[in-house]
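Q: So that you can map any letter, position 172 of the sequence shown is 296 in this note's numbering, and since no number is skipped, the others follow by simple counting.
Glycine is no exception: its CB is placed at the ideal position from the N, C-alpha and C atoms.
Just so it is clear, the structure is predicted and the values come from calculations on it, not from any experiment.
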Amino acid sequence: MENTLKSNLPKLNSESTLRELPLIDFQVSPMTPVELVSSQFNEQLDLPGVIVVWDQKFIGMVSRRYFHEQMSSRYGRELFIKRPIEYFLKATKYYDNCLILPAEEKINLAIQIALNRSAENLYDPIVVQFINKKNPDFYIYFLLNFQSLIVAQSHILKEVNNELYRYKSNAKNHLLQLRNKLHNKQDKLQQHTEALQIQKQEILA
125 MENTLKSNLP KLNSESTLRE LPLIDFQVSP MTPVELVSSQ FNEQLDLPGV
175 IVVWDQKFIG MVSRRYFHEQ MSSRYGRELF IKRPIEYFLK ATKYYDNCLI
225 LPAEEKINLA IQIALNRSAE NLYDPIVVQF INKKNPDFYI YFLLNFQSLI
275 VAQSHILKEV NNELYRYKSN AKNHLLQLRN KLHNKQDKLQ QHTEALQIQK
325 QEILA
């Protein structure tokens, strides 16, 4: 069920978007047993959550954190384990408690939006929404681990700092070259002035 689209971060810059990041495909239908979702979480420890879709329509997303919180609560396992994930969503009222961003959202803006979430949901995965090229009326959804977004932002900041350093170095070198040229011209002018003075003295002698 899980399919990591990109294993390594590409070279990122300030214009990079969410579609360039490693995304995770873990989707189930509303009728999928909670027991199966629990099994997948236990077997694949890097799964940040699960997306629930039906007929290409987004139903909801449950983060690993919230899932385990509910399952470990009093009577939680007995209440949900044999039920479909749709029941879990309805019972916990977790329908709208997720952040959905378009795949073309810039990473710099996405991190700001994600950090504005409540402290409780701050580390939950983000749902990345792609336009379905075959059917523009529907979308395709993937999960983005919040930690991956943080790492991507740090890469961008590092690249920006490197570019700034290179710019400053180039500007400094250019300034030094201009100063050297100016000094050379001043030296030549001084030499020319001195030569004229000598010629003038020779004429007047």
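Between S138 and I235, is the Cβ-Cβ spacing less than 8 Å?
A: Counted from its first residue, the sequence shown places residue 138 at position 14. Counted from its first residue, the sequence shown places residue 235 at position 111. No. Outside cutoff.
Q: Using 10 angstroms around the beta-carbon of L328, count the other beta-carbons present and answer buried if the total reaches 16, otherwise exposed.
A: Numbered from 1 along the sequence shown, position 204 holds the residue referred to as residue 328. L328 comes out exposed.
Q: Quick check: the Cα distance between V186 and V174, rounded to an integer number of angstroms?
A: Start at 1 with the first residue of the sequence shown, and residue 186 comes out as number 62. Start at 1 with the first residue of the sequence shown, and residue 174 comes out as number 50. Taking the straight line joining both Cα atoms gives about 5 Å.
Q: Hey, is the stretch 149-158 in contact with the stretch 205-220, meaning 3+ C-beta pairs nearer than 8 Å?
A: At 8 Å Cβ cutoff, the stretches touch.
Q: Inspect the beta-carbon positions of L360 and E228 and report whether they are closer than 8 Å.
A: Outside the shown range of the chain (125 to 329) lies residue 360, about which nothing can therefore be said.
Q: Closer than 8 Å by C-beta to K217: which residues in its own chain qualify, once you throw out the five before and the five after it? Chain order, please.
A: Against the sequence shown, residue 217 aligns to sequence position 93. Once the five neighbours on either side are set aside, K217 has no close Cβ partner at all.
Q: Can you list, in chain order, the residues of its chain whose CB lies under 6 Å from that of Q180, leaving out five sequence neighbours each side?
A: Residue 180 sits at position 56 when you count from the first residue of the sequence shown. The answer, listed in chain order, is F262.
Q: Just verifying my parser: in three-state terms, what is the DSSP assignment at M195?
A: Here residue 195 corresponds to residue number 71 of the sequence shown, with the count starting at 1. Helix.
Q: How is the alpha helix (DSSP H) around F266 delimited, first residue to last?
A: Mapped onto the sequence shown, residue 266 falls at position 142. Element bounds for F266: not the alpha helix (DSSP H) but the beta strand (DSSP E), Y263 to L268.
Q: Can you say whether D248 is buried or exposed, counting buried as having 16 or more other CB atoms within 10 angstroms of its CB?
A: Mapped onto the sequence shown, residue 248 falls at position 124. Flag for D248 reads buried.
Q: For the stretch 270-279 and the stretch 140-147, state whether three or more C-beta atom pairs, one from each stretch, are separated by less than 8 Å.
A: yes
Q: How should A243 be labelled, buried or exposed, when 16 other C-beta atoms within 10 angstroms of its C-beta is the threshold for buried?
A: In the sequence shown, residue 243 corresponds to position 119, counting from 1. A243 comes out exposed.
Q: Could you tell me which residues DSSP pairs with Q253 in its beta bridges?
A: Looking up residue 253 in the sequence shown gives position 129. Bridge partners of Q253: P226 and Y265.
Q: Which class does Q315 belong to by DSSP, given the choice of helix, strand or coil?
A: Residue numbering aside, residue 315 sits at position 191 when the sequence shown is read from its first letter. If DSSP states are grouped into helix, strand and coil, Q315 belongs with the helices.
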